[in-house]
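Take a look at the structure set out below.
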Amino acid sequence: MKEAIHPEYRKVVFLDTSSDFKFLSGSTQGSEETIEWEDGNTYPLIRVEISSESHPFYTGKQKADKAGGRVDRFKKKYNLS
């Protein structure tokens with residue numbers, strides 16, 4: 077790899093603002109805001125609006141599409157079922 081062209085990869089804490097869920101991960105994203113993690117170290121804090129803790133796909137609270145496909149809608153529209 078070429079020197080001095082890659083961003084710095086470091087540990088950061090992501091905070092899901094909708095559920096107050098925090099997790100430690102690696103990222104090239106930086107932040108002026110910091111937080112002390114469970115291991116006693118201080119890491120940059122990145123605020124996110126959605127994570128696996130609050131996303132409907134992962135929480136099981138997603139809405140199922142009951143409308144069906146094109147054929148089902150056609151049959152329903154013309155009372156063919």
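In the numbering used here, the protein residues as written are 77 to 157.
Where a beta carbon is used, it is the ideal one built from N, C-alpha and C, also for glycine.
Keep in mind the model is a prediction, meaning the values are calculated, not measured.
Nonlocal neighbours in the same chain, by C-beta distance under 6 angstroms from residue i, ignoring five residues either side
i, result
"Gln105", "Ile122"
"Tyr119", "Lys87, Val88, Val89, Trp113"
"Ile111", "Val89, Leu121"
"Ser107", "Pro120, Leu121, Ile122"
"Phe99", "Phe90"
Cβ neighbour criterion (16 or more within 10 Å) applied to residue i
i, result
"Val147", "exposed"
"Val89", "buried"
Same chain, Cβ closer than 8 angstroms to residue i, five either side skipped, listed in chain order
i, result
"Tyr85", "Gly102, Ser103, Thr104"
"Leu156", "Phe150"
Any non-hydrogen atom of the ligand ADP closer than 7 angstroms to residue i Cβ
i, result
"Gly106", "Within the structure as shown, the ligand ADP is missing, as the structure has no ligands at all."
8 angstroms contact criterion, which residue i and residue j should meet: CB distance rounded
i, j, result
"Phe150", "Glu129", "That pair is no contact at about 40 angstroms."
Own chain partners of residue i with C-beta closer than 7 angstroms, once the 5 adjacent residues on each side are dropped
i, result
"Pro83", "Thr104"
"Glu125", "Thr93, Ser94"
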